[in-house]
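Contents: one structure, followed by commentary.
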Amino acid sequence: MRGETPCWFVCVPDSAIGDTLARLRSRADRVIAHPSGRPWLLGNWRDDQMTVARAANAVLAVIGRSATSPAELERRVGKVRGPADVEAAAGALPGSYHLLAAVAGQCYLRGSASGSRRCFHATVDGVTVGADRARTLAWLIDADVDDRQVAAQLAYPVLPAPLSGRAMWRGVHAVAPDHALVLAREGTHRTTRWWRPPPADAGFAQGAAALRRALREAVALRARPGEVVGADLSGGMDSTSVCFLAAQAGARPVTATLHWSAPGNEDHAYADHAADHLPGVERLVFPSAELPEFLAGLTHRHQPADEPMGIVRDRAQQRAIAELMVARGASVRLTGHGGDYLVVPPALYVHDLLRRRPVAALRHLTGLRARGRWSPSATIRLSAHRSPYSRWLVAASGRLRDTDTVSTPDEWGERFRLPPWAGEAAAEMLGELLRSAAAAATPLSDERGRHAWIQQIREAGRGARILAQLSEPIGLDTDSPFCDDSVVEACLSVHPELARNPWSYKPLLAEAMRGLVPPRILRRSTKDHCTEEWFGGLRAHRRDLMDWAEDARLVAMGLVDASALRRAVAGPAMLTGGFTQLDNTLGAEEWLRDLAAHPVPAYLSRTDTSVPR
Numbered sequence: 375m376r377g378e379t380p381c382w383f384v385c386v387p388d389s390a391i392g393d394t395l396a397r398l399r400s401r402a403d404r405v406i407a408h409p410s411g412r413p414w415l416l417g418n419w420r421d422d423q424m425t426v427a428r429a430a431n432a433v434l435a436v437i438g439r440s441a442t443s444p445a446e447l448e449r450r451v452g453k454v455r456g457p458a459d460v461e462a463a464a465g466a467l468p469g470s471y472h473l474l475a476a477v478a479g480q481c482y483l484r485g486s487a488s489g490s491r492r493c494f495h496a497t498v499d500g501v502t503v504g505a506d507r508a509r510t511l512a513w514l515i516d517a518d519v520d521d522r523q524v525a526a527q528l529a530y531p532v533l534p535a536p537l538s539g540r541a542m543w544r545g546v547h548a549v550a551p552d553h554a555l556v557l558a559r560e561g562t563h564r565t566t567r568w569w570r571p572p573p574a575d576a577g578f579a580q581g582a583a584a585l586r587r588a589l590r591e592a593v594a595l596r597a598r599p600g601e602v603v604g605a606d607l608s609g610g611m612d613s614t615s616v617c618f619l620a621a622q623a624g625a626r627p628v629t630a631t632l633h634w635s636a637p638g639n640e641d642h643a644y645a646d647h648a649a650d651h652l653p654g655v656e657r658l659v660f661p662s663a664e665l666p667e668f669l670a671g672l673t674h675r676h677q678p679a680d681e682p683m684g685i686v687r688d689r690a691q692q693r694a695i696a697e698l699m700v701a702r703g704a705s706v707r708l709t710g711h712g713g714d715y716l717v718v719p720p721a722l723y724v725h726d727l728l729r730r731r732p733v734a735a736l737r738h739l740t741g742l743r744a745r746g747r748w749s750p751s752a753t754i755r756l757s758a759h760r761s762p763y764s765r766w767l768v769a770a771s772g773r774l775r776d777t778d779t780v781s782t783p784d785e786w787g788e789r790f791r792l793p794p795w796a797g798e799a800a801a802e803m804l805g806e807l808l809r810s811a812a813a814a815a816t817p818l819s820d821e822r823g824r825h826a827w828i829q830q831i832r833e834a835g836r837g838a839r840i841l842a843q844l845s846e847p848i849g850l851d852t853d854s855p856f857c858d859d860s861v862v863e864a865c866l867s868v869h870p871e872l873a874r875n876p877w878s879y880k881p882l883l884a885e886a887m888r889g890l891v892p893p894r895i896l897r898r899s900t901k902d903h904c905t906e907e908w909f910g911g912l913r914a915h916r917r918d919l920m921d922w923a924e925d926a927r928l929v930a931m932g933l934v935d936a937s938a939l940r941r942a943v944a945g946p947a948m949l950t951g952g953f954t955q956l957d958n959t960l961g962a963e964e965w966l967r968d969l970a971a972h973p974v975p976a977y978l979s980r981t982d983t984s985v986p987r
């Protein structure tokens with residue numbers, strides 16, 4: 375059954391590494407050999423998660439969600455003569471997966487461009503090995519948590535590239551999503567770029583058609599005919615689109631709808647309307663009062679993911695919903711996560727548009743300013759930005775304590791800062807990380823808006839990966855089809871001013887889903903909120919939060935001021951940065967506590983594996 379076996383793997387070069395290999399074998403129940411016969415991949419995976427093909431001198435593997443068949447991969451592997459041939463031989467396979475090859479004594483390993491699949495490496499007995507999970511390598515080399523990366527996790531709302539998504543342990547290193555890891559037989563390694571964003575040259579209709587095809591295929595890979603699948607029917611455009619595509623694929627959706635208590639919220643009405651057009655769907659409808667409160671379960675310890683995520687507030691709610699989906703036969707849950715990040719480019723696109731189409735840019739700028747209530751001076755600054763990316767990172771290191779609330783984008787993306795309770799040590803560590811990164815940092819695109827869009831997509835992929843890891847103990851695969859690379863490329867191929875404008879909501883997705891999702895859903899331009907539930911959870915669990923503040927791991931590490939954190943918990947209405955300001959801190963604290971409670975990953979269960987196969 376899907377969802378029962380967490381997938382993990384370690385990629386080993388074509389050389390013996392002694393005791394460490396024996397330690398890995400004691401935890402792995404699957405081993406795939408190099409052409410030489412030495413172990414190449416060690417780990418755990420279901421048969422439906424791994425496709426392998428062999429030629430005389432090469433092995434090609436796809437791990438994850440993919441439509442490729444063993445026969446198709448057999449035809450491709452014969453074209454592989456070295457690492458440089460892997461991408462051309464594999465082709466543009468739809469899905470979400472890791473692509474690996476063992477050829478000519480070398481290993482090739484990469485994840486997805488969105489970051490929903492990542493690669494990491496560490497040095498073991500003088501030899502570099504790769505893996506899909508940072509935590510596996512941290513266990514393997516007995517690594518300590520890197521205080522600097524914990525300090526960075528306090529920043530809100532998001533970290534910039536290349537800081538976002540770094541490994542949380544000393545000695546464990548993340549590979550950028552657009553790069554592949556190549557391991558040499560002698561134990562060295564290098565990275566090589568495998569992905570570049572497509573040119574933004576598609577018209578609106580062409581881009582919408584490509585998005586429809588890509589998203590339909592992404593959902594169909596996960597929603598098999600006749601299979602029960604969990605899905606979020608929130609009433610929003612993203613999750614509702616996934617529900618309709620799952621039904622179209624022949625699956626039997628069990629959908630979850632939450633009713634937030636704020637007057638004027640409309641999610642339930644839109645979800646009801648969507649359900650009326652989804653015959654045979656089984657619905658789970660939850661008034662918020664019938665679910666665990668926000669911030670419930672703070673005293674419970676969980677298996678941690680590779681890195682923290684600010685989802686502490688509704689984790690107990692989501693677990694309760696997931697368990698009900700499993701009880702109704704679902705082994706996979708499809709979410710609309712990532713839709714907001716992919717189909718709507720950041721407002722910084724107007725900076726690039728000013729240089730290409732100044733008249734159109736001024737119209738967009740006027741509309742964005744009106745909707746966002748930007749000040750004239752901030753609007754002018756947005757239009758005039760000229761600083762290179764490296765200088766922006768350095769400048770940001772000196773603004774981590776800023777308290778100004780500015781709604782316009784910064785020069786290269788979202789403004790980020792530290793919360794008031796972050797200590798001086800945290801500010802110094804994050805500042806140094808930013809300055810060090812600036813020395814070699816290059817933007818994800820020369821165009822600022824496109825850079826910000828790709829970074830936004832990577833944040834979606836990061837979230838999808840963590841959500842998938844956190845759902846594993848429940849026995850439910852949590853998948854985010856919007857984060858598949860084919861969907862990413864369909865969105866990025868469109869001129870950003872066509873994918874976003876101040877006068878319509880998610881126009882690209884609305885056009886892509888036309889004729890499939892009810893028009894009323896596609897015309898929706900509102901978004902519900904759960905402010906009442908957030909403050910209600912703070913009131914109900916203030917004692918637990920105060921206990922956390924008194925005994926915080928973050929305080930013990932010298933990263934947070936205990937008195938300031940207690941004041942924030944006691945008076946959350948004073949938060950100037952919204953929920954996220956506290957969410958990220960709570961996420962980091964929970965992660966540290968979970969890691970202390972579970973030093974060995976649960977998926978590394980012992981087996982008696984001793985021979986390659």
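Just so we're aligned: 393 in this note's numbering is position 19 of the sequence shown, and the numbers increase by one with no gaps anywhere. Every residue, glycine too, gets a C-beta built ideally from N, C-alpha and C. From a predicted model like this one, the values you see are computed outputs, not experimental measurements.
Once the 5 residues before and after Leu804 are set aside, which same chain residues still bring their CB inside 7 Å of it?
As a working mapping, residue 804 is identified with position 430 in the sequence shown. In the same chain as Leu804, and ignoring 5 residues on each side of it, the C-beta atoms closer than 7 Å to its own belong to Ala525, Ala526, Ala529, Leu774, Leu792, in chain order.
Following the continuous alpha helix (DSSP H) through Leu708, name the residue where it begins and the one where it ends.
Start at 1 with the first residue of the sequence shown, and residue 708 comes out as number 334. DSSP places Leu708 outside any alpha helix (DSSP H); the residue lies instead in the beta strand (DSSP E), whose first and last residues are 706 to 708.
Less than 7 Å between C-beta atoms, sequence neighbours within five positions excluded: which residues of the same chain meet that for His563?
Mapped onto the sequence shown, residue 563 falls at position 189. Result list for His563: His495, Thr502, Leu555, Val556, Leu557, in chain order.
Quick check on DSSP: helix, strand or coil for His738?
Residue numbering aside, residue 738 sits at position 364 when the sequence shown is read from its first letter. Helix.
Can you look up Met920 in the DSSP assignment and give me helix, strand or coil?
Position 546 of the sequence shown, counted from the first residue, corresponds to residue 920. Assigned with DSSP and collapsed to three states, Met920 falls in helix.
What does DSSP give as the partner residues of Trp382 in its beta bridges?
Position 8 of the sequence shown, counted from the first residue, corresponds to residue 382. Paired residues: Asn418.
Would you list the one or two residues that DSSP bridges to Ile437?
Translated into the one-based positions of the sequence shown, residue 437 becomes position 63. Answer is Met424, His472.
Simplified DSSP assignment, three categories, for Asn723:
As a position in the sequence shown, residue 723 is number 349, starting the count at 1. Here residue 723 is Tyr; the residue named in the question, Asn, does not match the sequence. DSSP places Tyr723 in the helix class (H, G or I) of the three-state scheme.
Candidates Leu818, Gly638, Met424: which alpha carbon is nearest Pro551's?
To locate residue 551, count along the sequence shown from 1; it is residue 177. Of the listed residues, the one whose Cα sits closest to Pro551 is Leu818.
First through last residue of the alpha helix (DSSP H) which encompasses Gln677:
As a working note, residue 677 is residue 303 in the sequence shown. Where Gln677 is concerned, there is no enclosing alpha helix (DSSP H), given that its DSSP letter is neither H nor E.
Counted within 10 angstroms of its Cβ, other Cβ atoms place His472 as buried (16 or more) or exposed
To locate residue 472, count along the sequence shown from 1; it is residue 98. Residue environment analysis places His472 among the buried positions, since at least 16 neighbouring C-beta atoms fall within 10 angstroms of its C-beta.
Since Thr565 is in the alpha helix (DSSP H), which residue starts that stretch and which ends it?
Locating residue 565 in the sequence shown gives position 191, counting from the first residue. Premise fails: Thr565 lies in the beta strand (DSSP E), 563 to 567, not in any alpha helix (DSSP H).
Beta-carbon spacing of Ser490, Arg839 below 7 Å
Within the sequence shown, residue 490 is the residue found at index 116, counting from 1. Within the sequence shown, residue 839 is the residue found at index 465, counting from 1. Note that the C-beta distance between Ser490 and Arg839 is below 7 Å.
Span of the alpha helix (DSSP H) around Ala548:
Taking the first residue of the sequence shown as 1, we reach residue 548 at position 174. No alpha helix (DSSP H) contains Ala548, which is instead part of the beta strand (DSSP E) from 547 to 549.
Beta-carbon contacts of Pro336 that lie in its chain and below 6 Å, excluding the five residues immediately before and after
Coverage of the chain is limited to positions 375 through 987, which leaves residue 336 absent and any answer about it impossible.
How is Ala554 classed by DSSP in three states: helix, strand or coil?
Taking the sequence shown and counting its residues from 1, one reaches residue 554 at position 180. If DSSP states are grouped into helix, strand and coil, Ala554 belongs with the strands.
Contained beta strand (DSSP E) runs [length at least 3] in the segment 476 to 560, N- to C-terminal order
Listed in chain order, they are 480 to 484, 493 to 498, 501 to 505, 547 to 549, 553 to 557.
Give a yes or no on contact between the segment 452 to 461 and the segment 818 to 829, applying the rule of three or more CB pairs nearer than 8 Å.
Cβ pair count under 8 Å is below three, so no.
When the distance is taken between beta carbons, is Asp612 closer than 7 Å to Gly713?
Taking the sequence shown and counting its residues from 1, one reaches residue 713 at position 339. Taking the sequence shown and counting its residues from 1, one reaches residue 612 at position 238. In this structure, Gly713 places its C-beta atom within 7 Å of the C-beta atom of Asp612.
Would Val988 pass as a contact of Thr442 if the rule is Cβ separation under 7 Å?
Lying before the first or after the last residue shown, residue 988 is absent from the chain, which here runs from 375 to 987.
Below 6 Å CB to CB, which residues in the same chain sit around Pro572 once its five sequence neighbours on both sides are set aside?
By 1-based counting over the sequence shown, the position of residue 572 is 198. These residues qualify, in order along the chain: Glu863, Leu866, Ser867.
Does the beta-carbon of Ile754 have 16 or more other beta-carbons within 10 angstroms, so that it is buried, or is it exposed?
Sequence index remark: in the sequence shown, residue 754 carries index 380 (1-based). Result: exposed.
Counting contacts by CB-CB distance shorter than 7 Å, is His915 in contact with chain B?
Absent from the structure is chain B; it holds one protein chain and no more.
In whole angstroms, what separates the C-alpha of Gly787 from that of Asp393?
Counted from its first residue, the sequence shown places residue 787 at position 413. Counted from its first residue, the sequence shown places residue 393 at position 19. Rounded to whole angstroms, Gly787 to Asp393 spans 46 Å at the Cα level.
contact_flag[the segment 893 to 911, the segment 727 to 747] where n(CB pairs < 8 Å) is 3 or more:
No contact exists between the segment 893 to 911 and the segment 727 to 747.
Take every Cβ of the segment 633 to 644, pair it with every Cβ of the segment 694 to 713, and state whether three or more of those distances are shorter than 8 Å.
At 8 Å Cβ cutoff, the stretches do not touch.
Helix, strand or coil: which one does DSSP assign to Phe660?
For the purposes of this step, residue 660 is taken as residue 286 along the sequence shown, with counting starting at 1. Looking at Phe660 - three-state DSSP - the assignment turns out to be strand.
Contact check, Val686 vs Leu960, beta carbons under 7 Å
Sequence index remark: in the sequence shown, residue 686 carries index 312 (1-based). Sequence index remark: in the sequence shown, residue 960 carries index 586 (1-based). The Cβ atoms of Val686 and Leu960 sit closer than 7 Å to each other.
When Ala407, Arg729, Arg399, Leu728 are compared against Leu514, the one with the closest alpha-carbon:
As a first step, residue 514 must be located in the sequence shown, where it is residue number 140. Selected option, being the one with the closest Cα: Arg399.
From the DSSP output, which residues share a beta bridge with Asp407?
Here residue 407 refers to the residue found at position 33 when the sequence shown is read from its first residue. Rather than Asp, the amino acid found at residue 407 in this sequence is Ala. Partner(s): Pro413.
DSSP three-state call for Val454: helix, strand or coil?
Locating residue 454 in the sequence shown gives position 80, counting from the first residue. In the three-state scheme derived from DSSP, where H, G and I count as helix and E and B as strand, Val454 is classed as coil.
With 16 other CB atoms within 10 Å as the buried threshold, where does Gln622 fall?
By one-based count along the sequence shown, residue 622 stands at place 248. Of the residues assessed, Gln622 falls on the exposed side of the cut-off, its CB having fewer than 16 other CB atoms within 10 angstroms.
Please report the Cβ distance between Pro534 and Leu767, rounded to the nearest whole angstrom; I am assuming they are in contact, meaning their Cβ atoms lie under 8 Å.
By one-based count along the sequence shown, residue 534 stands at place 160. By one-based count along the sequence shown, residue 767 stands at place 393. That belief holds up - the Cβ atoms of Pro534 and Leu767 are roughly 7 Å apart, short of 8 Å.
Taking DSSP as the reference, what is the three-state secondary structure of Thr983?
Looking up residue 983 in the sequence shown gives position 609. With a pLDDT of 44 at Thr983, under the threshold of 50, the modelled position of this residue cannot be trusted, and the question is left open.
Using 10 angstroms around the beta-carbon of Asp990, count the other beta-carbons present and answer buried if the total reaches 16, otherwise exposed.
Here the chain has residues from 375 to 987 only, and residue 990 is not among them.
Where Asn958 falls: helix, strand or coil (DSSP):
The residue labelled residue 958 in the question sits at position 584 within the sequence shown. Helix at Asn958.
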